[in-house]
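*Asks:* Residue numbers (our numbering): 1 to 189. Glycine included, C-beta positions come from ideal geometry on N, C-alpha and C. Input: one structure, supplied below.
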């Protein structure tokens with residue numbers, strides 16, 4: 001009986017240790033998906049958005065893809081706190097981008113745009129201060145179907161905290177960024 005107990009205990013602790021190892025291994029995973037491959041960067045973004053439980057910080061240069069806007073809106077409806085930063089020129093001059101940003105704004109999502117002379121050229125998403133996406137991939141149909149793009153997903157709490165800190169600086173920098181509203185757009189266009 002002692003032998004059976006020893007083997008059983010070893011199996012239980014061994015399995016638990018292996019599960020812990022797998023969790024740690026996956027906790028800091030970095031994956032990449034290229035457009036025009038057998039995988040979809042857009043579907044990966046939607047998965048990260050759908051997995052968000054508490055917060056979603058988004059800074060994206062181009063945002064004309066409707067499915068991604070719908071996923072972000074759905075996240076807001078389920079109680080995820082969302083903040084969005086985008087490029088002012090793109091909102092002012094791309095009707096599809098203005099429509100997506102206005103729809104998200106009307107869903108209660110606060111939006112900011114750059115007021116500095118350069119572009120807000122980031123393409124990042126931070127979910128729950130533990131998962132981030134970045135790369136060349138803008139939130140556009142062309143990024144998914146025409147362009148050569150990459151989306152990198154990083155699962156690292158340490159790195160996500162650093163990125164969230166940088167996002168916080170942008171969000172609260174009233175010199176470089178300003179709140180966006182549809183009425184502000186109509187005055188600028």
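Taking residue 114 as part of the beta strand (DSSP E), name the residues at either end of that continuous run.
*Replies:* Unbroken beta strand (DSSP E) run through residue 114: 111-114.
*Asks:* My output table needs one value for residue 7: the three-state DSSP class, helix, strand or coil.
*Replies:* Note that residue 7 scores a pLDDT of 44, beneath 50, so its modelled location is shaky and nothing firm can be said.
*Asks:* What is the rounded straight-line gap between the Cα of residue 46 and the Cα of residue 138?
*Replies:* Distance between the alpha carbons of residue 46 and residue 138 is about 13 Å.
*Asks:* Can you look up residue 143 in the DSSP assignment and give me helix, strand or coil?
*Replies:* Looking at residue 143 - three-state DSSP - the assignment turns out to be helix.
*Asks:* Go ahead and label residue 69 buried or exposed: buried means 16 or more other beta carbons lie within 10 angstroms of its beta carbon, across all protein chains shown.
*Replies:* Buried, because 16 or more other Cβ atoms sit within 10 Å of the Cβ of residue 69.
*Asks:* According to DSSP, simplified to helix, strand and coil, what is residue 190?
*Replies:* Shown here, the chain extends from 1 to 189; a query on residue 190 therefore has no answer.
*Asks:* Just the C-alpha distance for residue 4 and residue 51, rounded to the nearest angstrom, thanks.
*Replies:* No answer about residue 4 holds up, because its pLDDT of 49 lies below 50 and its placement is not dependable.
*Asks:* If you drop the 5 nearest sequence neighbours on each side, which residues of the same chain put their C-beta closer than 7 Å to that of residue 146?
*Replies:* Once the five neighbours on either side are set aside, residue 146 has no close Cβ partner at all.
*Asks:* If the criterion is Cβ atoms closer than 7 Å, does the pair residue 134 and residue 124 meet it?
*Replies:* Taking 7 Å as the Cβ cut-off, residue 134 and residue 124 qualify as a contacting pair.
*Asks:* Is it buried or exposed for residue 181, if we count other Cβ within 10 angstroms and need 16 for buried?
*Replies:* Exposed is the call here.
*Asks:* Does residue 95 pass the burial test, meaning 16 or more other C-beta atoms within 10 Å, or should it be called exposed?
*Replies:* Residue 95 should be labelled exposed.
*Asks:* Less than 7 Å separating the beta-carbons of residue 59 and residue 122?
*Replies:* Yes, these two residues count as a Cβ contact at 7 Å.
*Asks:* What residues in its chain sit with their C-beta under 7 Å from that of residue 108, if we drop five residues either side in the sequence?
*Replies:* Taken in chain order, the residues that qualify are 76.
*Asks:* Pull up the CB-CB distance for residue 33 and residue 151, whole angstroms please, since I reckon it's below 8 Å.
*Replies:* Going by Cβ atoms, the distance from residue 33 to residue 151 rounds to 5 Å, so yes, they are a contact pair.
*Asks:* From residue 102 to residue 56, what distance separates their C-alpha atoms?
*Replies:* Taking the straight line from one Cα to the other gives about 18 Å.
*Asks:* Give the C-beta separation of residue 83 and residue 54 to the nearest angstrom, bearing in mind that I take them to be a contact with Cβ-Cβ under 8 Å.
*Replies:* At roughly 12 Å, the Cβ-Cβ gap does not stay under 8 Å, so residue 83 and residue 54 are not in contact.
*Asks:* Whole angstroms are fine: how far does the CA of residue 43 sit from the CA of residue 149?
*Replies:* Approximately 14 Å, taken between the alpha carbons.
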